[in-house]
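Quick note, our numbering runs 34 ahead of the 1-based positions in the sequence shown.
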Amino acid sequence: MRTTRDLTFFFLFSILIFSCNRPQAKQEQLASSETASHAIRLFDLEETRDFYSWTADRIPMVSAHRGGPYPGFPENAIETFDNILNYTPAIIELDVAMTLDSVLVLMHDDDLERTTNGNGKVNEVTFDYIQSLYLEDNEGNPTEFKVPTLKEALLWSKGKALLTVDIKRSVPFEKVVEEVRETESEAYAALISYTFPAAKKLNSLAPELMLSVTIRNEEEIQRLEETGIPWDRVIAFTGLAERNPEFNKALHDRGVFAILGFLGNLDQSAETRGDQLYASFIQNGADILATDRPIEAAAAIQTLVPKNSSKAKYFTR
């Protein structure tokens, strides 16, 4: 008969073996998502494509433009991304630039003056210089936050949030794809393209990745089809003006999510007329609202989340 000591040892040994045999990627994502108040968790590209495959019970979402800056939280900062997840699950839109020594960092502007305490152009300074700087929020207030690298953002995203990666003109597509693959963050990173030639090139470089492609009318639906890019690799950015329900339905019939850019005038209208405006655009067929006010927009569309959804399995809280 086993002693209590033997049984205890057997129990602990079994836990150790189970833990060691568990896929490493799943262990990392489970640990990562534990720190996020609202998280989206995907384990592979098959789940990513299922998540982005439009269904009538889809869960409406926000995309935080430049990461969702608020007072004290600068744009394109990891700390800002975390702040958004305190309020809502989200897609995080971020911007990638490249330093003189070819390091990919998160930065929207060509120049450093607006968002950091430094100066000069990103592509004319070294990463060592970038590392010495501190980010400033959109009101110009200094913070203790540093400029992240793309690699840091990709690793952060796993088990937490989906990313849409805006690649600046000076950045080779190949370097971004390389970092996505090296960090094994393919399930979380969708690449943004503003033209069909760019979308076609990105798809040829990384046919496994999701693409956010600008599609604003029926003609552009046809042009996308002419590229040969499969619809199950596409998220449609439908521009900065509301599209009619028929156009949104044409995208939905192809299984595609519609991201409406609520930036600028539409965000200002919601602030002036009331946040219920966000909900009305979801009701007219938008699925994801790209906004500078992700916290307010998420609160406004919360009542439109279906009680039962086939997508709910990807959301944790």
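Where a beta carbon is used, it is the ideal one built from N, C-alpha and C, also for glycine.
Check, Outcome
"Could you check where the beta strand (DSSP E) with Ile226 kicks off and where it finishes?", "223-227"
"Scan the region 290-335 and note each continuous alpha helix (DSSP H) run of 4 residues or more that stays entirely inside, going in chain order.", "299-307, 310-317, 328-335"
"Does Leu119 come out as helix, strand or coil in the three-state DSSP assignment?", "helix"
"What are the start and end residues of the beta strand (DSSP E) that includes Ser238?", "Here Ser238 belongs to no beta strand (DSSP E); instead the alpha helix (DSSP H) covers 230-239."
"Tell me whether the beta-carbon of Leu146 lies closer than 8 Å to the beta-carbon of Asn157.", "no"
"Check whether the Cβ atoms of Gly295 and Leu274 lie closer than 8 Å to each other.", "yes"
"Is the beta carbon of Met244 closer than 8 Å to that of Tyr104?", "no"
"At the level of alpha carbons, what is the spacing between Pro328 and Asp144?", "25 Å"
"Whole angstroms are fine: how far does the CA of Leu285 sit from the CA of Asp116?", "31 Å"
"Tell me, please, which residues DSSP counts as bridged to Ala346.", "None; Ala346 has no bridge partner."
"Determine the direct distance from the alpha carbon of Arg277 to that of Thr149, and round the result to whole angstroms.", "33 Å"
"Could you give the first and the last residue of the continuous beta strand (DSSP E) run that contains Asp287?", "It is not in any beta strand (DSSP E) - Asp287 instead sits in the alpha helix (DSSP H) that spans 279-287."
"Report yes or no: do the region 164-178 and the region 206-219 share at least 3 C-beta pairs separated by less than 8 Å?", "no"
"In its own chain, which residues sit with a C-beta less than 6 Å from the C-beta of Leu300, not counting the 5 before and 5 after it?", "none"
"Residues in the same chain with beta-carbon distance under 8 Å from Arg56, minus the five sequence neighbours each way, listed in chain order, please.", "The predicted model places Arg56 with a pLDDT of 36, which falls under 50 and marks its position as unreliable; any figure quoted below should be read in that light. Answer for Arg56: no residue qualifies."
"Just the Cα atoms here: how many angstroms apart are Gly174 and Pro206?", "30 Å"
"Could you say if the region 82-101 and the region 336-349 meet the contact criterion of at least three C-beta pairs nearer than 8 Å?", "yes"
"Answer with buried or exposed for Ala334, where buried requires no fewer than 16 other C-beta atoms within 10 angstroms of its C-beta.", "buried"
"Any idea which residues DSSP pairs Lys155 with across the strands?", "Asp145"
"Mind checking Asp287: buried by the 16 CB within 10 Å criterion, or exposed?", "exposed"
"Are Ile269 and Ala224 closer than 8 Å when you measure CB to CB?", "yes"
"Under 8 Å between the Cβ atoms of Leu128 and Leu197?", "yes"
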